[in-house]
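Chains U and Z, in that order, are what the protein sequence lines are.
Heads up: the first sequence is residues 17 to 118, going by this note's numbering.
Heads up: the second sequence is residues -12 to 209, going by this note's numbering.
The beta-carbon is built from N, C-alpha and C at its ideal position, and this holds for glycine as well.
Note that the structure is predicted; figures quoted are calculated from it, not measured.
Please read the structure below before turning to the comments.
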Amino acid sequence: MDTLWIGVIGTSLIAYALKIAGHSVPERFLTHPLIKRINLLVPIALLSALVAVQSVTTKSAIVVDHRLAGLGAAIIALIFKAPFPIVVLSAAITSAGVYNLL
Amino acid sequence: MSRVASPTFRDSLSVSLTVGAYGVAFGAAAVANGFSVLQSCLLSLLTFSGASQFAVIGVIGAGGGAISGITTASLLGIRNGLYGVLMAPILKVRGFKRVVAAHITIDESTGVSLSQESRGESAMREGFWLTGFGVFIFWNLFTVAGALGAKAMGDPSAWGLDAAVPAAFIGLVWPRLKNTTDKFLALTAAVFAIVTTPFLPAGLPIIGTAVIAIIVGLRKAK
């Protein structure tokens, strides 16, 4: 089985295990303020890291290319409080424009 | 009859449609990262948690191993477990219904449900089920559309699909940056991930930032 299939199946199994676990454990275990706070912070760190890695790295190298222009467009869209689809679309259009022109 | 026009129904439907439409971005991004149309659709059907799905395709697409991809996705999926803790006492379901409820316990179903608090517990339950099923249906339909569309397009860069993934991530994280600590953490994590990419195996620069988040959380607690 290749990496992609292991990724698909493994992610799905653990995602469901986490969901059903939440429905099954007593509330007091997971409502500690510290757990709640860390639960808010972990996604911020991971998603920010993913933004960075996906926009300026390729394999193990730091690469500045059309994707960074796309990210810039996304940030501008977010500053103007654009809805999610517009954010993604403006990034794609900008990036494609730079890629095709350069 | 009044149920059709209920405010809870309207809230659920509008959230389901708008959020479900992001499925296009996921389907397209998954294919652009080398996943097949079938694999992209299975992720939406079985994982059914947007951030986790984007994470696994992002990490593996960037050359990371399966374990790195699964770990990053699972760290992002922990919050669904916490939503389950909140929803269980409201839903009060057992057996098969609980099995189904767990699968649709995500940001949106929990969010809409909790926002119905002033309308009572039955509205909260209605909001959960309607939004959960609504997002599930639209998310999956739009994933198919995005995956097929991207497959037909060819070179992902020419269509900007490689920039759609980081844009999706920043769109997911932006609304979460509510105070200085959040913003500091976001910037630190981004810089850490970039700086360590040339040295660490793919995936670790991302997973490593979870540790930074825990440290920030512990320090703030003092």
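Using a cut-off of 8 Å between C-beta atoms, extract the partners of residue 60 of chain U located in chain B.
The question asks about chain B, but that chain is absent: this structure's protein chains are U and Z.
Give me the residue from Z:160, Z:84, Z:182 with the minimum Cα distance to residue 94 of chain U.
Comparing Cα-Cα distances from residue 94 of chain U to each of Z:160, Z:84, Z:182, the minimum goes to Z:160.
Pull up the distance between the alpha-carbon of residue 166 of chain Z and that of residue 79 of chain Z, whole angstroms please.
One C-alpha to the other measures close to 35 Å.
Give the straight-line distance between the Cα atoms of residue 31 of chain U and residue 103 of chain U, rounded to the nearest whole angstrom.
Cα to Cα, residue 31 of chain U sits roughly 27 Å from residue 103 of chain U.
Given that residue 92 of chain U touches chain Z, what residues does it touch there, using C-beta distances under 9 Å?
Chain Z residues near residue 92 of chain U: none, gap ~11 Å exceeds 9 Å.
Is it buried or exposed, residue 153 of chain Z, if we count other Cβ atoms within 10 angstroms and call 16 or more buried?
Buried is the call here.
Taking Cβ to Cβ, would you say residue 202 of chain Z is nearer than 8 Å to residue 59 of chain Z?
No, Cβ-Cβ distance for residue 202 of chain Z and residue 59 of chain Z is not below 8 Å.
Which residues mark the beginning and the end of the alpha helix (DSSP H) in which residue 39 of chain U is found?
Counting along the chain, the alpha helix (DSSP H) containing residue 39 of chain U begins and ends at 19 to 40.
Would you mind telling me which residues of chain Z sit closer than 9 Å to residue 8 of chain U, beta carbon to beta carbon, in chain order?
Given that chain U is displayed from residue 17 to residue 118, the structure contains no residue 8 of chain U and the question cannot be resolved.
Using only the alpha-carbon positions, how far apart do residue 151 of chain Z and residue 195 of chain Z sit?
The straight-line gap from Cα to Cα measures roughly 24 Å.
Looking at the structure shown, is residue 78 of chain U part of a helix, part of a strand, or coil, going by DSSP?
Looking at residue 78 of chain U - three-state DSSP - the assignment turns out to be strand.
For the region 29 to 46 of chain Z, which residues have a CB atom closer than 9 Å to at least one CB atom of chain U, in sequence order?
Under the 9 Å Cβ criterion, the region 29 to 46 of chain Z contributes 29, 30, 32, 33, 34, 35, 36, 38, 39, 40, 41, 42, 43, 44, 45, 46.
Return the chain-ordered list of same chain residues with a C-beta closer than 6 Å to the C-beta of residue 45 of chain Z, the five sequence neighbours on each side being excluded.
Around residue 45 of chain Z: 152.
Measure the CB-CB distance between residue 174 of chain Z and residue -1 of chain Z and report whether it falls below 8 Å.
It is not a contact, given that the beta carbons lie outside the stated cut-off.
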